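Participant:
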C-alpha cells in the first residue's frame with residue numbers, strides 16, 4: 365500500500381509529477397489550477413529530484429519552455445485552465461508536429477472567453493478535435509477522481525514517450541479543487557543524461573562525434589515531405605485507437621438505456637444509475653477515460669443492446685457528436701448537460717433521460 | 010608559378026569552418042546572415058565546444074539556420090526562442106545555449122519572452138540580427154524600422170505619428186539587472202567582422218560565468234527588402250542605421266577581460 369494522503373486534485377497532480385520523475389514544470393497562475401505550481405514551489409523538488417520548476421511570464425512562454433525541454437529529451441509538464449490552455453494551443457501544435465513528449469493538465473472552467481471559474485467540460489472540442497492548427501491529435505485522459513489525478517500522470521508519461529506526443533489530462537474545477545483520499549505511488553527516479561541520450565537519440569543534448577546533429581523542428585517547406593510527415597503522425601493516432609483506448613462500464617450487462625459520460629460528469633451519473641434502478645429503469649454507464657482515442661468500438665457494440673443513449677457532459681453538447689459518430693444512427697442519441705460552470709445533479713440527469721426517451 | 014605551388018598550408022588565408030554544413034545558404038547575396046553564421050560557428054570550433062552547444066533558430070529569414078550550423082538545434086515558434094533556451098539551459102546547465110533571432114522575432118512578437126529571459130538573468134546567449142525589416146515575409150515594417158524608412162506596410166515611409174517609434178530593445182535590455190554583457194556590432198567591413206567575432210567569443214566566454222544573459226546585436230542589412238544592391242545597402246546602413254543604432258559595447262561585466 366502506497367502512502368495515503370488527503371489532497372486536492374491539483375496538489376495530487378503536482379505530487380505525482382515529482383514522483384513520476386518528470387524533469388520540469390513550467391506554469392503560469394490561473395484559477396482554478398494555481399495550486400499546482402504553489403504546491404511545487406512549496407515542495408521544492410529542484411532540491412531533491414532536480415526537477416526544474418519555473419513560473420513563466422505567460423502561458424505562451426511556459427508551453428514553449430516545455431518545447432525546449434522536451435526537444436532536449438526531458439519530460440516536461442505544464443498546467444492551466446481553459447483561457448490559458450487556449451494560449452498554449454499553438455505550442456501544443458508545434459510539439460505534436462515536432463513529435464515531442466508533454467504532459468499538459470487542463471483544469472477546465474466555464475467559457476467561452478474569460479467565462480467564470482466554476483467547473484465545466486466545455487473544452488472537449490479544443491482537446492479532442494485539435495485546438496491548435498494543423499493535422500494532429502492529442503491523447504486525452506479524463507480523470508474522475510483525485511486518485512486519478514495522480515495515477516494518470518504515469519499513464520500520460522508512458523504514452524508521451526511511446527508515441528512521442530503531447531498528452532492532455534482533461535480535468536475540471538471539481539476534481540482540481542476537491543479533496544479526497546489519495547494513495548500515492550512510489551518515487552520513480554528521474555533519468556540520468558546518459559539514460560536520456562539512450563532513450564531519446566533524437567534529443568538536442570549536444571552533438572557528439574558519433575552521430576549527425578539532432579534537429580527539433582516542425583517545419584518542412586517541401587509539401588510532399590510535409591504530407592509524408594502528417595501521414596506518419598496519423599499512423600500513430602491509428603495505433604492509439606488500436607492499443608490505448610481506455611473506458612470503464614457500470615451496470616451495462618443488462619442495460620436498456622445507456623449514459624455516456626466522462627470526468628466528474630461520469631461520477632455524478634453513477635448516482636443516477638442507482639436512482640434509475642430504484643425506479644425500475646435498467647440504466648448503464650459507459651465512462652470514457654480516453655476522449656481521444658474515443659471508445660468507438662465498445663460504444664457501437666452497446667448500441668446494439670440499448671434502446672437509446674444519453675450523452676451527459678457539463679457543456680452545451682460536444683462529446684455527444686463523437687457518440688453519434690460511434691453509433692452511426694443505429695439508436696437515438698441525445699445530449700443533456702448544464703454548462704457555463706453549472707454542475708448537473710443526478711436527479712436532473714434522470715429526469716432528462718425520462719423526458720427524452722421514456723415518458 | 011603553378012597553381013599546385015600556391016596551394017600550400019602556409020598560403021592558406023581562409024578556410025570554411027567544418028561546423029558550417031555544405032548546404033548552400035538560403036540568404037540573399039550581400040546579406041549579413043551568412044557572415045554571422047560563420048563567425049558563430051568559427052568561435053564554437055575554436056573553443057572546441059561543438060558537443061556542448063545547442064542553438065535555437067527563430068521564425069524569420071534564419072528559420073533554417075539549423076540547416077547550416079552543424080550543431081544540435083531546435084526551431085522555435087515565432088518569438089519564443091528564449092523560452093526554449095531558458096528550459097534547455099536550466100536542464101543542461103553545463104551546455105552553451107544560444108538563440109539566433111531577427112528583429113521581428115525578438116523585438117515584436119517575442120518582446121515579452123526576450124525581456125523576461127534577460128530580466129531573469131538566464132545564462133544563455135542571444136544573437137540578435139537587426140536589419141529593420143521583415144525579410145522572409147517580403148519586406149514589411151519591423152519594430153526596428155527607422156522613422157521615414159520605407160517598407161511594404163509603410164510604403165510612404167514610417168510615420169511615427171501613425172506607426173509608432175522604432176524600438177531600441179538592446180538599450181532596453183541593457184538596463185535590466187539580469188543582463189551581463191550587451192554589445193552592438195556589425196559585419197559590413199573586415200574590421201567590423203573582426204570586432205563582431207571578438208564580441209561573439211566574449212559572449213561564449215562570459216556565459217561560462219553563469220552570471221547572466223549575454224546579448225549581442227548585429228546591425229545588419231537587407232538589400233532585397235531595402236530594394237538596394239549590396240553596396241548601396243551597406244552604405245545606407247552606415248549613414249542611417251548606425252546613427253540610430255550606434256555600434257559598441259553597451260554593458261560589459263565588471264571583471265577582467267577574458
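Protein chains in written order, with the working numbering: chain E, 365 to 723; chain Y, 10 to 267. Built from N, CA and C at the ideal position, the CB exists for glycine as well. This one's a predicted model, so the numbers in the text were calculated from it and none came from an experiment.
Quick one, are the C-beta atoms of residue 720(E) and residue 685(E) less than 7 Å apart?
Facilitator: Cβ distance not < 7 Å, so residue 720(E) and residue 685(E) don't count as in contact.
Participant: Distance cutoff 7 Å, beta carbons only. Does residue 83(Y) sit that close to anything in chain E?
Facilitator: Yes, because at least one Cβ of chain E sits closer than 7 Å to the Cβ of residue 83(Y).
Participant: Quick one, which of 141(Y), 176(Y), 170(Y) and 101(Y) has its alpha-carbon nearest residue 131(Y)'s?
Facilitator: Selected option, being the one with the closest Cα: 101(Y).
Participant: Does the segment 617-624 of chain E come close enough to the segment 576-588 of chain E to have 3 or more Cβ pairs within less than 8 Å?
Facilitator: In short, these stretches do not touch, since the Cβ pair count stays below three.
Participant: Can you tell me which of the three DSSP states residue 197(Y) falls into?
Facilitator: Residue 197(Y) falls in the coil class under three-state DSSP.
Participant: Express the C-alpha separation of residue 257(Y) and residue 453(E) in angstroms, rounding to a whole number.
Facilitator: Rounded to the nearest angstrom, the two C-alpha atoms are 40 Å apart.
Participant: Can you list, in chain order, the residues of its chain with a C-beta nearer than 6 Å to that of residue 630(E)? Leave out the 5 residues immediately preceding and following it.
Facilitator: Here the set comprises 508 and 651.
Participant: Counting only beta-carbon atoms, is residue 431(E) nearer than 7 Å to chain Y?
Facilitator: It does; some Cβ of chain Y falls within 7 Å.
Participant: Just confirm the distance between the C-beta atoms of residue 41(Y) and residue 196(Y), as a whole number of angstroms; I'd bet it's less than 8 Å.
Facilitator: At roughly 5 Å, the Cβ-Cβ gap stays under 8 Å, so residue 41(Y) and residue 196(Y) are in contact.
Participant: Does the Cβ of residue 515(E) have 16 or more other Cβ atoms within 10 Å, making it buried, or fewer, making it exposed?
Facilitator: The residue in question, residue 515(E), is buried, as its Cβ has 16 or more Cβ neighbours within 10 Å.
Participant: Could you tell me whether the segment 28-40 of chain Y touches the segment 13-20 of chain Y, using the rule of 3 or more Cβ pairs below 8 Å?
Facilitator: Contact fails: fewer than three Cβ-Cβ distances are below 8 Å.
Participant: Residue range of the beta strand (DSSP E) that residue 654(E) falls in?
Facilitator: Counting along the chain, the beta strand (DSSP E) containing residue 654(E) begins and ends at 654-656.
Participant: Does any residue of chain Y have a CB that is nearer than 7 Å to the CB of residue 463(E)?
Facilitator: No - not a single Cβ of chain Y is within 7 Å of the one on residue 463(E).
Participant: Please list, in chain order, the residues of the segment 372-395 of chain E that have any C-beta partner in chain Y closer than 9 Å.
Facilitator: Answer set for the segment 372-395 of chain E: 387, 388 and 390.
Participant: With distances taken from CA atoms, which of 27(Y), 10(Y) and 14(Y) is nearest residue 577(E)?
Facilitator: The candidate whose alpha carbon is nearest that of residue 577(E) is 27(Y).
Participant: Please list the residues of the segment 58-74 of chain Y that have a C-beta atom closer than 7 Å to any C-beta atom in chain E, keeping them in chain order.
Facilitator: From the segment 58-74 of chain Y, only 59, 60, 61, 62, 63 and 72 have a Cβ closer than 7 Å to chain E.
Participant: Rounded to whole angstroms, what is the Cα-Cα separation between residue 267(Y) and residue 213(Y)?
Facilitator: Unreliable placement is indicated for residue 267(Y), whose pLDDT of 48 sits below 50; the coordinate value is still reported in the next sentence. Each residue's Cα considered, the two are about 11 Å apart.
Participant: Do three or more CB pairs link the segment 222-233 of chain Y to the segment 132-149 of chain Y at distances below 8 Å?
Facilitator: Result yes; three or more Cβ-Cβ pairs closer than 8 Å.
Participant: Which of the three DSSP states is assigned to residue 633(E) in this structure?
Facilitator: Three-state DSSP puts residue 633(E) in a helix.
Participant: Quick check: residue 62(Y) and residue 53(Y), are their CB atoms within less than 7 Å of each other?
Facilitator: Yes.
Participant: Can you look up residue 110(Y) in the DSSP assignment and give me helix, strand or coil?
Facilitator: If DSSP states are grouped into helix, strand and coil, residue 110(Y) belongs with the strands.
Participant: Any idea if residue 503(E) is buried or exposed, counting beta-carbon neighbours within 10 angstroms, 16 or more meaning buried?
Facilitator: By the 10 Å Cβ count, residue 503(E) comes out buried.
Participant: Is the CB of residue 408(E) under 7 Å away from at least one CB in chain Y?
Facilitator: Answer no: the Cβ-Cβ gap between residue 408(E) and chain Y never drops below 7 Å.
Participant: Quick test of the definition: if touching needs 3 or more C-beta pairs under 8 Å, does the segment 374-391 of chain E touch the segment 410-424 of chain E?
Facilitator: They touch, by the three-pair rule.
Participant: Strictly under 7 Å for the Cβ-Cβ distance: is residue 100(Y) near chain E by that measure?
Facilitator: Closer than 7 Å to some Cβ of chain E, the Cβ of residue 100(Y) qualifies, so yes.
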